[in-house]
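For reference, the structure is listed below as structure tokens.
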């Protein structure tokens with residue numbers, strides 16, 4: 112992209128997506144800094160480790176020649192945004208910036224009401240172990256590979272922000288009535304996903320048990336994954352162990368390999384099926400995919416275990432009531 116030599120200032124840099132994007136740009140050689148509240152957020156550890164400058168909000172942070180990336184949680188009336196516009200600076204919303212940034216890559220958007228972060232994490236882990244891959248995960252993890260072929264990223268449906276993207280592939284994990292402050296009904300949510308489907312360039316991988324995903328229409332192939340005979344990508348011979356899950360994968364009836372996933376639950380098997388399907392369609396070696404999958408460490412705050420004294424603490428932020 113142009114403007115790489117300019118300072119890219121993030122308004123709301125501690126947000127999970129914003130911090131991931133900041134790390135990506137930093138690793139790509141951009142000059143990066145950002146501002147946010149002074150309260151500690153778990154995302155800032157990686158930002159500080161990368162020596163990215165973190166500032167408290169102040170309109171004085173905004174200087175001529177900067178590129179401003181505006182977090183979606185912050186309105187146009189924010190003092191830094193007002194100052195940027197007074198100076199005539201380029202101000203781009205987070206999702207719009209990503210939509211431009213992904214264009215040179217083979218891009219895979221992971222979207223759905225639930226399961227985005229876990230699936231993006233697994234996809235990024237597998238792809239980056241085989242081919243140069245940049246990725247943006249919603250747990251604050253971001254990596255900018257200098258010569259990346261793939262870009263995998265989490266795409267949120269809230270306020271239809273994901274319509275800023277026209278990815279090569281999309282994984283759609285499910286459709287549920289979420290974000291009721293914006294969406295009026297489950298049908299409204301579905302309409303957003305239908306619009307997203309129309310923007311995908313090569314193929315869609317959708318969970319076969321979801322009645323709304325089964326209604327999708329698109330100009331590209333839709334591959335359904337699950338455990339049923341009407342799924343294009345099917346898990347069979349599932350074994351659950353104390354270490355996770357093992358299963359065989361069939362695509363259009365052909366056995367493409369045996370996979371071991373160090374994660375528990377049918378939902379994680381479903382997530383893995385979508386990742387395997389993307390890799391298969393991109394012509395990656397399934398033995399390499401299986402080898403990478405077995406070493407997946409999980410993502411932050413999704414059933415994360417930590418031993419404290421004689422207790423095991425499980426941090427499952429995503430599903431906390």
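In the working numbering, the protein residues as written are 112 to 432. Backbone N, C-alpha and C define an ideal beta-carbon position, used for all residues, glycine too.
Among the options, the one whose alpha carbon lies nearest that of residue i
| i | options | result |
| --- | --- | --- |
| residue 271 | 295, 368, 259, 313 | 295 |
| residue 211 | 114, 276, 383, 115 | 276 |
| residue 267 | 283, 424, 145, 256 | 283 |
| residue 177 | 151, 159, 145 | 145 |
| residue 273 | 302, 252, 362 | 302 |
| residue 261 | 339, 389, 117 | 389 |
| residue 248 | 223, 321, 235 | 235 |
| residue 299 | 312, 167, 224, 281 | 224 |
| residue 433 | 418, 281, 376 | As displayed, the chain neither begins before 112 nor continues past 432, which places residue 433 out of reach and without an answer. |
| residue 259 | 246, 251, 265, 250 | 246 |
| residue 320 | 377, 372, 278 | 377 |
| residue 279 | 356, 360, 297, 215 | 215 |
| residue 394 | 217, 202, 304, 185 | 217 |
| residue 130 | 285, 353, 240, 147 | 147 |
| residue 137 | 322, 364, 115 | 115 |
| residue 199 | 209, 184, 179, 208 | 179 |
| residue 308 | 332, 257, 401, 426 | 332 |
| residue 381 | 120, 231, 125 | 231 |
| residue 141 | 127, 123, 153, 163 | 163 |
| residue 257 | 118, 407, 134 | 134 |
| residue 166 | 125, 364, 418, 242 | 125 |
| residue 355 | 397, 398, 407 | 407 |
| residue 244 | 222, 213, 228, 226 | 213 |
| residue 433 | 187, 360, 195, 420 | Nothing about residue 433 can be read from this structure; the chain reaches only from 112 to 432. |
| residue 118 | 338, 143, 219, 255 | 143 |
| residue 369 | 417, 375, 405 | 405 |
| residue 383 | 297, 304, 221 | 221 |
Under the three-state DSSP convention, the category residue i falls into
| i | result |
| --- | --- |
| residue 81 | Nothing in the structure corresponds to residue 81, since the chain is present only between 112 and 432. |
| residue 343 | coil |
| residue 348 | strand |
| residue 253 | strand |
| residue 118 | strand |
| residue 177 | coil |
| residue 336 | strand |
| residue 314 | strand |
| residue 170 | helix |
| residue 260 | coil |
| residue 160 | helix |
| residue 128 | helix |
| residue 268 | coil |
| residue 68 | Here the chain comprises residues numbered 112 to 432, so residue 68 is not present and cannot be evaluated. |
| residue 233 | helix |
| residue 201 | strand |
| residue 135 | helix |
| residue 188 | coil |
| residue 244 | strand |
| residue 165 | strand |
| residue 221 | strand |
| residue 209 | helix |
| residue 329 | coil |
| residue 297 | helix |
| residue 306 | helix |
| residue 112 | Reliability of the predicted coordinates at residue 112 is poor, the pLDDT of 49 falling under 50, and the value obtained from them is presented with this limitation in mind. In this structure, residue 112 counts as coil in the three-state DSSP scheme. |
| residue 277 | coil |
| residue 284 | coil |
The ligand SAM heavy atom lying under 7 angstroms from the CB of residue i
| i | result |
| --- | --- |
| residue 132 | This structure does not include the ligand SAM; it has no bound ligands of any sort. |
Cβ separation of residue i and residue j, assumed to be a contact under 8 angstroms, to the nearest whole Å
| i | j | result |
| --- | --- | --- |
| residue 132 | residue 253 | 6 angstroms |
| residue 151 | residue 181 | Not quite, the Cβ-Cβ distance comes to about 22 angstroms (not below 8 angstroms), so this is no contact. |
| residue 318 | residue 285 | 6 angstroms |
| residue 403 | residue 237 | 4 angstroms |
| residue 343 | residue 362 | 7 angstroms |
| residue 293 | residue 323 | Not a contact, Cβ separation roughly 17 angstroms. |
Original post:
Given 8 angstroms as the limit, is there contact between the region 187 to 197 and the region 167 to 174, that is, 3 or more CB pairs closer than that?
Top reply: yes
Subject >> beta strand (DSSP E) runs wholly inside the region 358 to 431, at least 3 long, in chain order >> reply: 365 to 372, 415 to 419, 422 to 426
Subject >> Stretch-stretch touch, CB-based, cutoff 8 angstroms, three pairs: the region 322 to 331 with the region 346 to 364 >> reply: No, they do not touch.
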